[in-house]
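Asks: Take a look at this one; I'll ask things after.
Number of protein chains: 2
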Amino acid sequence: MPADLALAPKQKRPAGVRCCEPVVYPDVDREHARRMAALAKALGDPIRLQLVDVLRKHAGKVCVCELVPLFDVSQPTLSHHLKVLREAGVVDSERVGLWAFYYVVPDALEELNAWLS
Amino acid sequence: MPADLALAPKQKRPAGVRCCEPVVYPDVDREHARRMAALAKALGDPIRLQLVDVLRKHAGKVCVCELVPLFDVSQPTLSHHLKVLREAGVVDSERVGLWAFYYVVPDALEELNAWLS
DNA sequence: CTATTGAATCGATAGATGTCAATGGAGTAG
DNA sequence: CTACTCCATTGACATCTATCGATTCAATAG
Chain A
0 MPADLALAPK
10 QKRPAGVRCC
20 EPVVYPDVDR
30 EHARRMAALA
40 KALGDPIRLQ
50 LVDVLRKHAG
60 KVCVCELVPL
70 FDVSQPTLSH
80 HLKVLREAGV
90 VDSERVGLWA
100 FYYVVPDALE
110 ELNAWLS
Chain B
0 MPADLALAPK
10 QKRPAGVRCC
20 EPVVYPDVDR
30 EHARRMAALA
40 KALGDPIRLQ
50 LVDVLRKHAG
60 KVCVCELVPL
70 FDVSQPTLSH
80 HLKVLREAGV
90 VDSERVGLWA
100 FYYVVPDALE
110 ELNAWLS
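Read top to bottom, the protein sequences are chains A and B.
For the first sequence, position 27 matches number 26 in numbering that gives the first Met the number 0, and the numbering has no gaps at all.
For the second sequence, position 74 matches number 73 in numbering that gives the first Met the number 0, and the numbering has no gaps at all.
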């Protein structure tokens with residue numbers, strides 16, 4: 000048994016005992032994990048990740064009509080991705096007349112960022 | 000037009016011109032975005048995120064038989080999640096006899112972490 | 001050898017996801 | 001009013017995904 004194999008079964012198993020007792024546990028509770036996984040899932044598409052990247056680089060709010068020509072997808076598809084990000088709490092939007100302006104919700108990704116660091 | 004609405008159309012549109020010229024671009028290139036989105040996607044499931052959390056908290060390598068009882072899913076399902084993480088490059092594994100030991104690949108999440116920070 | 005055990009794979013299935021064309025709704029321009 | 005524009009929604013579709021039970025494979029124990 001190599002020395003760096005932590006948390007191997009600590010002893011020979013008695014006959015009839017299946018494998019080992021659990022000795023490791025997640026540090027994050029289920030709710031915490033659920034929220035962070037939802038954030039990660041929202042970022043788990045190249046278009047959505049680039050959308051967030053664009054929005055993060057601008058202090059203000061960006062018109063959808065600026066975003067659509069950046070990607071090789073239809074306008075409804077981009078609208079769908081923006082909706083996914085909005086429902087995950089990553090971005091929010093504001094209507095001004097005909098235009099819709101999107102922006103990254105401050106600290107929306109902080110929980111995930113803190114866990115990753 | 001509120002002052003914080005950056006990157007609104009800068010002028011009245013001439014007749015016949017659809018919306019505005021693109022003036023924003025992603026800072027990350029497509030390949031960069033594709034890799035980070037793949038990482039985020041791998042973390043985009045509560046079980047997988049908790050798996051990574053457990054593995055990160057242990058310097059050594061953790062036996063699959065320790066991981067299975069932590070989650071309310073079957074052994075094949077957990078094996079599937081470990082495979083997803085492995086194929087995303089987040090974790091790797093080592094066989095020792097009957098056991099399989101998993102560990103987080105060092106710096107596997109660094110690119111995503113750097114972007115989020 | 002055979003029996004057992006840990007883990008991966010297979011097959012099936014229900015549900016989620018990404019995409020587009022078509023449509024709808026709200027605001028603006030004439 | 002009508003016509004146009006931006007954006008969201010709908011409906012449809014193919015693909016992907018999470019899950020399980022059953023099976024398979026490899027290694028150990030007898």
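Glycine is no exception: its CB is placed at the ideal position from the N, C-alpha and C atoms.
DSSP on Val-103(A), reduced to helix/strand/coil?
Replies: Looking at Val-103(A) - three-state DSSP - the assignment turns out to be strand.
Asks: Please list, in chain order, all residues of the same chain as Val-103(B) whose beta carbon is under 7 Å from its beta carbon, the five residues on each side excluded.
Replies: Same-chain partners within the cutoff: Val-51, Leu-54, Arg-55, Val-89, Val-90.
Asks: Please identify the residue among Ala-36(A), Leu-42(A), Ala-32(A), Met-35(A) whose C-alpha is closest to the C-alpha of Leu-81(A).
Replies: When only C-alpha atoms are compared, the closest one is Leu-42(A).
Asks: To the nearest angstrom, how far is it from the Cα of Met-35(B) to the Cα of Pro-45(A)?
Replies: Roughly 8 Å between the two C-alpha positions.
Asks: So, does the CB of Leu-108(B) fall closer than 8 Å to a CB anywhere in chain A?
Replies: It does; some Cβ of chain A falls within 8 Å.
Asks: Just reading off the beta strand (DSSP E) that Ser-92(B) is part of, what are its end residues?
Replies: Here the beta strand (DSSP E) through Ser-92(B) covers 90–95.
Asks: Once you ignore the five residues that flank Val-27(B) on each side, which residues in its own chain have a CB closer than 8 Å to its CB?
Replies: Cβ neighbours of Val-27(B) beyond the five flanking positions: Met-35, Trp-114.
Asks: Should Trp-98(B) and Val-72(B) be called a contact, given that it needs their Cβ atoms to be closer than 8 Å?
Replies: Their beta carbons are not under 8 Å apart, which means Trp-98(B) does not touch Val-72(B) by this criterion.
Asks: Comparing the C-beta of Gly-88(A) with each C-beta of chain B, is any distance below 8 Å?
Replies: No, no contact with chain B.
Asks: My output table needs one value for Pro-1(A): the three-state DSSP class, helix, strand or coil.
Replies: The predicted position of Pro-1(A) is uncertain, since its pLDDT is 43 and thus under 50; a value taken from the coordinates is nonetheless stated next. In this structure, Pro-1(A) counts as coil in the three-state DSSP scheme.
Asks: Let me check you understand the geometry: is the CB of Val-104(A) closer than 7 Å to at least one non-hydrogen atom of the ligand ADP?
Replies: As far as ligands go, the structure on display features none, and thus does not contain the ligand ADP.
Asks: According to DSSP, Trp-98(B) sits in a beta bridge with which residue or residues?
Replies: Answer by DSSP bridge pairing, in chain order: Val-95(B).
Asks: Can you list the residues of chain A that Asp-44(B) reaches, using a CB-CB cut of under 8 Å?
Replies: Result: Ala-36, Lys-40.
Asks: Can you have a look at Glu-30(B) and say buried or exposed, based on whether 16 or more other CB atoms are within 10 angstroms of its CB?
Replies: It is exposed - the Cβ of Glu-30(B) has fewer than 16 other Cβ atoms within 10 Å.
Asks: Using a 10 Å radius around the Cβ and a threshold of 16 neighbouring Cβ atoms, would you call Ala-32(A) buried or exposed?
Replies: Buried: at least 16 other Cβ atoms inside 10 Å.
Asks: Is Glu-93(A) buried or exposed, if buried means 16 or more other CB atoms sit within 10 Å of its CB?
Replies: With fewer than 16 Cβ atoms within 10 Å of its Cβ, Glu-93(A) is classed as exposed.
Asks: In the structure shown, what three-state DSSP assignment does Val-72(A) receive?
Replies: Coil at Val-72(A), not helix or strand.
Asks: Specify the secondary structure class of Val-61(B) as computed by DSSP and reduced to three states.
Replies: Val-61(B): strand per DSSP, three-state reduction.
Asks: In chain order, what residues of the same chain have a beta carbon less than 7 Å from the beta carbon of Ala-60(A), not counting five sequence neighbours either side?
Replies: One detail in the question is off: residue 60(A) reads as Lys in this sequence, not Ala. Glu-93, Phe-100, Tyr-101, Tyr-102, listed in sequence order.
Asks: Can you tell me whether Glu-86(B) is buried or exposed? The criterion is at least 16 other CB atoms within 10 Å of its CB, across all chains shown.
Replies: Label assigned to Glu-86(B): exposed.
Asks: Between Gln-121(A) and Val-67(A), is the Cβ-Cβ spacing less than 8 Å?
Replies: No answer is possible for residue 121(A): the residues shown for chain A start at 0 and end at 116.
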